[in-house]
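For reference, the structure discussed in these notes is given below.
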Amino acid sequence: MELLTVFRCILLVLLIVCAIAVNVTRNLLQAVVIFMSYSSIMCIVWILLESPDLAVTEAAVGAGISGTLFLMTLKKIRADDADRTIRHSAEEDQQTDPKDP
Amino acid sequence: MKEWFNHWLDGDLDVMENILDAAEVPDRPREELKEQNRRFRDEVYQRNEAKGALEAGQKGFYALYTVVGIVSCVLLIGVLLFTVANLPEYGHENPRTVEVVRRYIEQGVQETGAVNVVAGMILDYRAFDTLGESHVLFTALICVMILLARDSKNMRTEYEDYFTIREDAYFDISKDSIIRRVGYVILPSIFLFGIYILLNGQISPGGGFSGGAVMGASLIMFAAAFGFGPVDTFLPGQRIRWIAFTALSFYSFAKGYVFFTGANHLENHIPKGTPGAILSGGLILPLDIAVGMVVACTMFGFFSLFKRGSIGSD
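Residue numbers (the numbering used here), protein chains in the order written: chain A, 464 to 564; chain B, 14 to 327.
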């Protein structure tokens, strides 16, 4: 097999892995980071598909600006630790439940 | 398997937790936030009738959620696979679309004057499409402004204002010397690269949207590394609004003029120039600049609205 074909296959497999991982993870911060890496891989795929203008746009918008906006939204809605907080409190409740000996 | 899936659905199980583990750093504002969340949750859970109804509703909802989720996933996968199977093979001609494509490729350079056929397509043959895109961006900026603008009418309490300002100061990274030094080195090149892409849209890959996005990203990085002060001196909020407004109006009027005078094989008065030169392609270069200005202003406006609730210092 040609080297470029192998490289393409690796990139496409990585794309699928990223797309599944961003759904599977529960941590929103990790989801944003995986989404940004998806965009970076997609940028290389655009170059291999011979559309460099789309690659530049994908790198700037997909990996740069939308990632930044996502991170700032996470900070705004305080989601980076709200999930963890609720889970921790639920565990404490279960430990100190008076009805459950 | 089902149990595992339900665990994941409830949020008890994190598959990626062992693969990627971000260190949790406790700090004071976050501890206060956690305390607030805990108090709020206690208040909610003290109402027992609400708790019972909530749990019953959740059970029914989860059953429905699982079924609908699986069905819609399978449907979507089927539709997408069917569509992909019917696409023309990569690199082969589709007889239904080949007429338009051949016209663009063979006569695009003579008809539009742009060596970059893509720029000729999106800013000459299909410029109306790009006009819509620019207006979508502008509308998105207005929507974000409606939602996130921070002024006396929009803030609920003084406490919220105080808390947000304190939190912003706590998470401010613009004092970090590494970020400042890296900014000194790479920011000028990134901004110049954006201008280069913008001005060479008709002779090399790129154009208004790509160049504007790169310029907007470099403005965002500038504001993140050095604070909003330096950006506000050369791009006050009033100026950003005027640039976006002027660029959009220029695009609309210029393209409207061409539609009315150049359509239906009437004579077009705008000179095409020599293909390959920087001043070529008729209206493509000015339209590129207009689109780039709108995109750059919109991107920076998003960041500024998210970060401090206003486009400029005002």
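Backbone N, C-alpha and C define an ideal beta-carbon position, used for all residues, glycine too.
In this text the structure is predicted, and so the values were computed from the model without any measurement.
Neighbouring residues, chain B, relative to residue i (Cβ below 7 Å)
{"i": "I510 of chain A", "result": "Per Cβ cutoff of 7 Å: no residues; I510 of chain A is ~10 Å from chain B at best."}
{"i": "G527 of chain A", "result": "A230"}
{"i": "V524 of chain A", "result": "A226"}
C-alpha distance - residue i paired with residue j, whole-angstrom precision
{"i": "F313 of chain B", "j": "H148 of chain B", "result": "16 Å"}
{"i": "E45 of chain B", "j": "D55 of chain B", "result": "15 Å"}
{"i": "A226 of chain B", "j": "G207 of chain B", "result": "8 Å"}
{"i": "S231 of chain B", "j": "A260 of chain B", "result": "20 Å"}
{"i": "L296 of chain B", "j": "I90 of chain B", "result": "43 Å"}
{"i": "G121 of chain B", "j": "T287 of chain B", "result": "13 Å"}
{"i": "L200 of chain B", "j": "I210 of chain B", "result": "15 Å"}
{"i": "D301 of chain B", "j": "V271 of chain B", "result": "15 Å"}
{"i": "V524 of chain A", "j": "G294 of chain B", "result": "27 Å"}
{"i": "V198 of chain B", "j": "G240 of chain B", "result": "17 Å"}
{"i": "S317 of chain B", "j": "V485 of chain A", "result": "27 Å"}
{"i": "I192 of chain B", "j": "L478 of chain A", "result": "30 Å"}
{"i": "L94 of chain B", "j": "V87 of chain B", "result": "11 Å"}
{"i": "H20 of chain B", "j": "I483 of chain A", "result": "18 Å"}
{"i": "I83 of chain B", "j": "I203 of chain B", "result": "45 Å"}
{"i": "I510 of chain A", "j": "V80 of chain B", "result": "40 Å"}
{"i": "V480 of chain A", "j": "V487 of chain A", "result": "10 Å"}
{"i": "E68 of chain B", "j": "L491 of chain A", "result": "25 Å"}
{"i": "M306 of chain B", "j": "A257 of chain B", "result": "7 Å"}
{"i": "I504 of chain A", "j": "V476 of chain A", "result": "10 Å"}
{"i": "L467 of chain A", "j": "I507 of chain A", "result": "12 Å"}
{"i": "L161 of chain B", "j": "F315 of chain B", "result": "10 Å"}
{"i": "Q49 of chain B", "j": "T536 of chain A", "result": "20 Å"}
{"i": "L298 of chain B", "j": "G145 of chain B", "result": "18 Å"}
{"i": "S265 of chain B", "j": "R115 of chain B", "result": "29 Å"}
{"i": "F53 of chain B", "j": "R489 of chain A", "result": "22 Å"}
{"i": "Y78 of chain B", "j": "G70 of chain B", "result": "12 Å"}
{"i": "P243 of chain B", "j": "T125 of chain B", "result": "40 Å"}
{"i": "F151 of chain B", "j": "G196 of chain B", "result": "28 Å"}
{"i": "R163 of chain B", "j": "G325 of chain B", "result": "12 Å"}
{"i": "E112 of chain B", "j": "E119 of chain B", "result": "11 Å"}
{"i": "L47 of chain B", "j": "I540 of chain A", "result": "The question names Leu, yet the displayed sequence has Lys at residue 47 of chain B. When rounded, the distance between both Cα atoms is 13 Å."}
{"i": "G194 of chain B", "j": "K15 of chain B", "result": "Checking the sequence, you will find Arg at residue 194 of chain B rather than Gly. Going by the C-alpha atoms only, they are around 52 Å apart."}
{"i": "Y75 of chain B", "j": "Y501 of chain A", "result": "30 Å"}
Residues that residue i contacts on chain B, provided the C-beta gap is smaller than 9 Å
{"i": "I479 of chain A", "result": "Near I479 of chain A there are no residues of chain B at all, since even the closest Cβ is about 13 Å away, more than 9 Å."}
Residues that residue i contacts on chain B, provided the C-beta gap is smaller than 8 Å
{"i": "T520 of chain A", "result": "F222, S223 and A226"}
Chain-ordered neighbours of residue i on chain A, where CB pairs are closer than 7 Å
{"i": "G219 of chain B", "result": "D516 and V519"}
{"i": "V320 of chain B", "result": "Correcting the residue identity first, residue 320 of chain B is Lys in this sequence and not Val. Ordered by position in chain A, the residues that pass the 7 Å Cβ test against K320 of chain B are M535."}
{"i": "V131 of chain B", "result": "D516"}
{"i": "M312 of chain B", "result": "I528"}
Proximal residues of chain A, C-beta to C-beta of residue i below 9 Å
{"i": "F316 of chain B", "result": "I528, T531, L532 and M535"}
{"i": "I210 of chain B", "result": "D516 and V519"}
{"i": "I233 of chain B", "result": "G527, I528 and T531"}
Bounding residues of the alpha helix (DSSP H) (the contiguous stretch that carries residue i)
{"i": "Y501 of chain A", "result": "L491 to L511"}
{"i": "A529 of chain A", "result": "In the sequence as displayed, the identity of residue 529 of chain A is Ser instead of Ala. Here the alpha helix (DSSP H) through S529 of chain A covers S529 to I540."}
{"i": "D189 of chain B", "result": "Where D189 of chain B is concerned, there is no enclosing alpha helix (DSSP H), given that its DSSP letter is neither H nor E."}
{"i": "N486 of chain A", "result": "L466 to V487"}
{"i": "T287 of chain B", "result": "Note, T287 of chain B: premise wrong, no alpha helix (DSSP H); not H, not E."}
{"i": "G294 of chain B", "result": "That residue, G294 of chain B, is in no alpha helix (DSSP H); it is neither H nor E in DSSP."}
{"i": "G525 of chain A", "result": "First-last for G525 of chain A: undefined, no H or E at that position."}
{"i": "M158 of chain B", "result": "A140 to L161"}
Proximal residues of chain A, C-beta to C-beta of residue i below 8 Å
{"i": "I324 of chain B", "result": "Those do not exist, as I324 of chain B stays about 15 Å from chain A at its closest Cβ, beyond 8 Å."}
{"i": "I256 of chain B", "result": "Chain A residues near I256 of chain B: none, gap ~18 Å exceeds 8 Å."}
Any C-beta of chain C under 7 Å from that of residue i
{"i": "F266 of chain B", "result": "Absent here is chain C; the protein component of the structure consists of chains A and B."}
contact_flag[the segment 523–531 of chain A, the segment 491–504 of chain A] where n(CB pairs < 8 Å) is 3 or more: Contact holds: three or more Cβ-Cβ distances are below 8 Å.
Complete runs of the alpha helix (DSSP H) confined to the segment 204–250 of chain B [at least 4 residues]: Taken in chain order, the whole alpha helix (DSSP H) runs of length 4 or more contained in the segment 204–250 of chain B are 221–239 and 241–247.
Within the segment 101–136 of chain B, ranges of the alpha helix (DSSP H) (whole runs, at least 4 residues): Entirely contained in the segment 101–136 of chain B, the alpha helix (DSSP H) runs reaching 4 residues are, in chain order, 111–125 and 130–133.
Any 3 or more C-beta pairs closer than 8 Å across the segment 186–197 of chain B and the segment 86–103 of chain B: Short answer: they don't touch.
Cβ pair count under 8 Å reaching 3, the segment 241–250 of chain B against the segment 128–145 of chain B: Contact between the segment 241–250 of chain B and the segment 128–145 of chain B is not established, with fewer than three Cβ pairs separated by less than 8 Å.
Contact the segment 516–528 of chain A vs the segment 212–223 of chain B: 3+ CB pairs below 8 Å: Three or more beta-carbon pairs drawn from the segment 516–528 of chain A and the segment 212–223 of chain B are found closer than 8 Å, and the two stretches are therefore classed as touching.
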